[in-house]
Structures are given as structure tokens and as C-alpha cells.
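Chemist: Supplied in C-alpha cells, the structure appears directly below.
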Amino acid sequence: MKTDIIKVSENCVSSGDEERLMRAGEILRKGGLVAFPTETVYGLGGDALNPEASVKIYTAKGRPSDNPLIIHINKFADIYQIVKEMPEAAVKVGKAFWPGPLTMILPKAEKVPYETTGGLNTVAVRFPSHPIARKLIEYGGGFVAAPSANASGKPSPTRAKHVVEDMDGRIEMIVDGGEVGIGLESTIIDMTVEPPRILRPGYITQEMLKQVLGEVGEDVTMMRNDSGEAPRAPGMKYRHYAPSGSLVIVEGEPQQVADYINARAAQDSKAGERTGILGTREQLEQYHADVIKCIGSREEEEAVARNLFAVLREFDEEKVTKIYSESFPAQGLGQAVMNRLLKAAGYCVVKV
Ligand code: AMP
Ligand code: MG
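Each residue of the sequence shown is one higher than the one before, counting from 178 in the numbering used here.
Structure, rendered in C-alpha cells:
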């Protein structure tokens, strides 16, 4: 299949943008697949109410079919068409954070196919804020299933070129709307349990949700893999966000971390490995390895979140086989960063 790559300005204001997005919407309505930017990461869209389109999404990504898709809407009121019940708490959360980087799990309405929900009786719903995503959802029929547009297991795409790397020839169209703003996938909150529980951390933090809901729980598997429990979001059980090289997170005082990483990288180099270090600007000068990547300043956690997936992909591009990363405090947005980094590392953490 030939993949059409089209450029659309971020706010859909250039001439021809509207027409191009209508064309993209037409593909969705006919059951085809279109990748597009959202404020979190690039999504791989298909008509959520068309079971065949959902099956195509799984095939294009190489995604296990028990890993449900998030349905994206463009109007708050549309949620009532795809959920069976809308608890008062969910209305409150929607009013507080939508449109935005938050996904709610609710009981599914009959018309949502099981192909879209990975066989579950619940459905994940998000109302994104990105102008391109919103127009495309509107033109595409109002209900767009869109997981991250990466090949299953790979870091999520934050730029159109990442989508091209993974999806060229596998889908009908890629909408290039530039670099995304947040860089990590949406926060997922399960509204079917009392108190509501976060299944995946993201830009909307537990602290922010507590201000609206009072009590908010967290899936115990979010930050560790030794609880003996299965993650409540099926997708979180898979190895994810991973670069091709092995990744080790090193935690401790900055000087000790640098000494440890440099010693290990030197050893690896001798053994014929190509070594890489993922560090913050403050510590970068201390490191020695084949490839050293700056993820941003420790002072700017939003930049760290935005750069994480792109930097992991760059290590692949440079054929790095052993990667060492600094660790980050798992609070606020840092919790989402560490959740992705831990999964990318297969929970391999060294404390020095
Ligand atoms: P992605 O689309 O790549 O952001 O992945 C979607 C995430 O949402 C995966 O981790 C899914 O397991 C999770 N998810 C989607 N639908 C549900 C649901 N009904 N219940 C729990 N988790 C869900
Ligand atoms: Mg994903």
C-alpha cells in the first residue's frame, strides 16, 4: 500500500488544510487508517464503530488483539453515545480536563464493537485538544479509535518522521502536523471503580485529579513489576516504549551516577558494544560514551517528558546497543516519565 504523507499547519490555518483534512476524514469513514498528531503523541486512527477498521489497526501496529483502543471524540456530548452509564464523577472530570490529555474508562454502550475494546465491556474515551485531531475526528465521523502510531513495543511517535519509520506502506495516510506538545500518552483513569483509579500516569497528574474527585487510587503495577498483580490497563503488561538496545536506569547522587555509568560504558566499549547515555543538561559534561543524548534540563520536567521518546528512537538510529539513563523523581509529571522509562528498561534499575 502507498502511504500518502500530507502536511497540515498545527492550527489548520494554511490554505488547503481544511480540504486535506476532509480527504483524511473520508479515508476514515471508508474504513481506512490515518495517522495524525494529538497533543500527547501521534495516533493511528480508524473508525471506532467499524470492527474491520479496528482489526486493521491491530494488524498495522502488530498489536496483540486483547489490548483495547482509546476512542477519540470531538464533542463532550458524543460520549453519551458510546458509554452505557455516565457517573456524576465522570462528568466532573470531563468538565475539568477535556478537551485534553486524559482518558476515562467507562462501561461500554452496545454499539461499540468488541474489536475496538479488546473484548472488554468497558470503553476508553478521550476528547483531545489538538486542532488537527479535532477536525479529523469531526470529518472522520465523530468516533476515532487511535492508539499510539508506533509499531507495537516501540517508543510512541512524537513527530511525523517517527510514524513514517513505523507505518510507511502499512496505512493509507499520515498527517504531518509537526512536533507534538506533551510527548507522553494520556493519563488513563478508570471511572468504573470506587474510588476512581489511575491506570496509566500522564500529563494530568494524580494531584490534579484529586482536586476534582477527592480520593483517587493508582494501579499498583504502574511503577513496579513485582506486585504479583496484572495491570488493569491490558496494554501496560506488554514490553513497551523500548529502544532496540538494552537500557539500564541508574539512580543516586549525580557524581556517583556519572562515575558508575562511565565505568560501565567503558567496560561495554571494550567488549565491543556501542554505548549511549541519556542524561540531563546539568550532568552532560561528565559523561563518556559513543553517543550522549541530552533529554533537557532537570529544571524543566515538561521538556524531559516531550523529549523522552524521540531520544530513545535516536539511540536506535545510531545503532547503540547499551544505554544508560539517569533517573527522575517520580512525582507529578515525573511519575509519567518514570513509568515510561521503567517499561523501556524492563524495570532494570541500579541504585548506586
Ligand atoms: P495507546 O492507545 O497506545 O495509548 O494504548 C491505550 C491504552 O489504554 C492501553 O494501555 C490499553 O490497555 C488501555 N485501555 C484501553 N481501553 C481500556 C479499557 N477498556 N480498560 C482498561 N484499559 C484500557
Ligand atoms: Mg501505545
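Don't be surprised by glycine CBs; every beta carbon is placed ideally from N, CA and C.
Buried or exposed, going by whether 16 or more other CB atoms sit within 10 Å of the CB of F505?
Modeler: Answer is buried; the Cβ neighbour count reaches 16.
Chemist: Starting from K238, trace the alpha helix (DSSP H) in both directions and tell me its first and last residue.
Modeler: Residues 228–238.
Chemist: For H249, does the three-state DSSP call read helix, strand or coil?
Modeler: Reduced to three states, the DSSP call for H249 is strand.
Chemist: To the nearest angstrom, how far is the alpha carbon of E395 from that of V357?
Modeler: C-alpha separation (whole angstroms): 27 angstroms.
Chemist: Going by other Cβ atoms of all chains shown within 10 Å of its Cβ, with 16 needed for buried, is Q512 buried or exposed?
Modeler: Classification of Q512: buried, given that the 10 Å Cβ count is 16 or more.
Chemist: Cβ of P411 within 7 angstroms of any heavy atom in the ligand AMP?
Modeler: For the ligand AMP, at least one heavy atom lies less than 7 angstroms from the Cβ of P411.
Chemist: Going by DSSP, which residues form a beta bridge with C471?
Modeler: Beta-bridge pairing links C471 to G456.
Chemist: Do I247 and P324 have their beta-carbon atoms positioned less than 8 angstroms apart in this structure?
Modeler: For P324 and I247, yes; Cβs fall inside 8 angstroms.
Chemist: Just to confirm, does E362 get its C-beta within under 7 angstroms of one of the non-hydrogen atoms of the ligand MG?
Modeler: Yes.
Chemist: Whole angstroms are fine: how far does the CA of K285 sit from the CA of F253?
Modeler: Each residue's Cα considered, the two are about 16 angstroms apart.
Chemist: With the cut-off set at 8 angstroms, would you say M178 and G296 are in Cβ contact?
Modeler: The answer is no: Cβ separation not under 8 angstroms.
Chemist: Under a CB-based cut-off of 8 angstroms, is T293 close to chain B?
Modeler: No chain B is present in this structure, which holds just one protein chain.
Chemist: Does at least one heavy atom of the ligand MN sit under 7 angstroms from the Cβ of P324?
Modeler: Looking for the ligand MN in the displayed structure turns up nothing; the ligands present are the ligand AMP and the ligand MG.
Chemist: On the three-state DSSP scale, how would you describe K496?
Modeler: K496 falls in the coil class under three-state DSSP.
Chemist: From G429, G360, Y464, I359, pick the residue whose C-alpha is nearest to that of A443; which is it?
Modeler: A443 has its Cα closest to that of Y464, out of G429, G360, Y464, I359.
Chemist: What residue range is occupied by the uninterrupted alpha helix (DSSP H) comprising I256?
Modeler: Per DSSP, I256 belongs to the alpha helix (DSSP H) from 256–259.
Chemist: Give me the Cα-Cα distance between L279 and C189, rounded to the nearest whole angstrom.
Modeler: Going from the Cα of L279 to the Cα of C189 covers about 23 angstroms.
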